[in-house]
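Just below is one structure, and these are the notes that go with it.
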Ligand code: AMP
Ligand code: GLY
């Protein structure tokens, strides 16, 4: 079967690597892809916003499965156009992708179906927001409603910070994403991510992960898209996983189907493990980046079998996905300046040496300049390794990082620190 993968980051390199290994994959195309993806796929210059062009390409190349990596094409309804043309696609419809695309949508769905999440108030102007802030008190969380490239959330420890965040949202800084806001109760606990595959009815767990959002060691500095991750996340014990499935993920999938917006694809739940149980922080309608990289390194099944079964509504006929009990850990190497303006063009060498010691290096933001590999984005490489423990996976990943010669890239040196500390303490 011919497959088309949309996207160009480390997440898509990991997906391309797994898709290309499938016995079902005849030819893989990727649009726009990157130099790492190019070793598994033919890159094509297709604009995912141009639905007609994507449909034409699928018809011309007899594409039997489209895999959508990032959220923007989902929220934009590309999957609806593909489904209307009877082209199997992995990823939710525009209506279902509101689970990621609108925080207010998700909070109200949770309220209607008793899904545990922080108390909230939906507001559409500064006056309503000010009233809600006085009701909640600090600490409090302020969120722009729509997709804001990860920059629309402020966890405010003081009222002054909360008021500044509200003012920023309603200043128009986030465009349409900031036409509404959600004011939320502050939840205390450890965060973990949980991934499930669903075809709209059947739900199967695909594993857990924890990431590191802050740019600096010790979880300091500004937020980023994620500087590293590992899977599984042992804090999400089998009992807590069961609770997340039964009280959050399964009821959500059931609710979406009942309300006429069946959700198919991967459902990525950001969870807070609080003293009073597991609470939903947010949903994403796609794989996490870099969480996908660690999940793909652990997945022991044929990825095409799973994604096609989601697309075709027959996930229940497959055995549940099998993941290696090993830990996979990925370290993001980012360009100087990230998460501000990253420096482009820095040279990169040593990937072969890093892979020779057993790591897998996924390309996130790379390009070829006169045949040489250079940095071309904020997050540039994802150096990923497996081990029997988090400590071992971390050691292998950093041994590989140290073989990469890229003077304009930096990384955190403490990815996995929580678990490494717990393992050292013998927990
Ligand atoms: P979100 O984009 O909704 O995932 O929010 C980004 C980050 O803000 C989350 O990963 C949490 O660290 C934090 N956050 C969001 N909502 C809450 C909440 N209600 N209580 C505490 N922290 C939160
Ligand atoms: N790493 C966080 C995300 O993909 O949203």
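Numbering (my numbering), first residue to last: 270 to 696. Note that beta-carbon positions come from the ideal geometry of N, C-alpha and C, so glycine has one too.
{"Query": "Bounding residues of the alpha helix (DSSP H) (the contiguous stretch that carries residue 400)", "Result": "395–405"}
{"Query": "Residue 410 Cβ short of 7 Å to the ligand AMP heavy atom set", "Result": "yes"}
{"Query": "Contact test: residue 454 Cβ vs the ligand AMP heavy atom, cutoff 7 Å", "Result": "yes"}
{"Query": "Proximity below 8 Å, CB of residue 324 to CB of residue 272", "Result": "no"}
{"Query": "Buried or exposed (CB count within 10 angstroms, at least 16 for buried), residue 308", "Result": "exposed"}
{"Query": "Range covered by the alpha helix (DSSP H) that runs through residue 705", "Result": "Nothing about residue 705 can be reported from this structure: the residues present for the chain run from 270 to 696 only."}
{"Query": "Any non-hydrogen atom of the ligand GLY closer than 7 Å to residue 553 Cβ", "Result": "yes"}
{"Query": "C-beta contact flag for residue 554 and residue 318 at 8 Å", "Result": "no"}
{"Query": "Endpoints, the alpha helix (DSSP H) within which residue 485 is located", "Result": "Residue 485 -> not in any alpha helix (DSSP H); beta strand (DSSP E) instead, spanning 483–485."}
{"Query": "Member of 452, 646, 382, 488 whose CA lies at the smallest distance from the CA of residue 609", "Result": "646"}
{"Query": "Proximity below 8 Å, CB of residue 548 to CB of residue 475", "Result": "no"}
{"Query": "Where residue 328 falls, given that 16 or more other Cβ within 10 Å makes a residue buried", "Result": "exposed"}
{"Query": "Reduced DSSP category for residue 290 - H, G, I as helix; E, B as strand; rest coil", "Result": "coil"}
{"Query": "For residue 480 and residue 458, believed in contact at Cβ under 8 Å, the rounded distance", "Result": "Their Cβ separation, rounded to whole angstroms, is 16 Å, which puts residue 458 and residue 480 out of contact at 8 Å."}
{"Query": "Inter-residue Cα distance where the pair is residue 292 and residue 444", "Result": "44 Å"}
{"Query": "Close beta carbons around residue 532, own chain, < 7 Å, minus the five adjacent residues each side", "Result": "361, 365, 368, 467, 469, 522, 525"}
{"Query": "Candidates 651, 675, 313: closest to residue 770 by CA position", "Result": "Residue 770 lies beyond the stretch modelled for the chain, which goes from 270 to 696, so this question has no answer here."}
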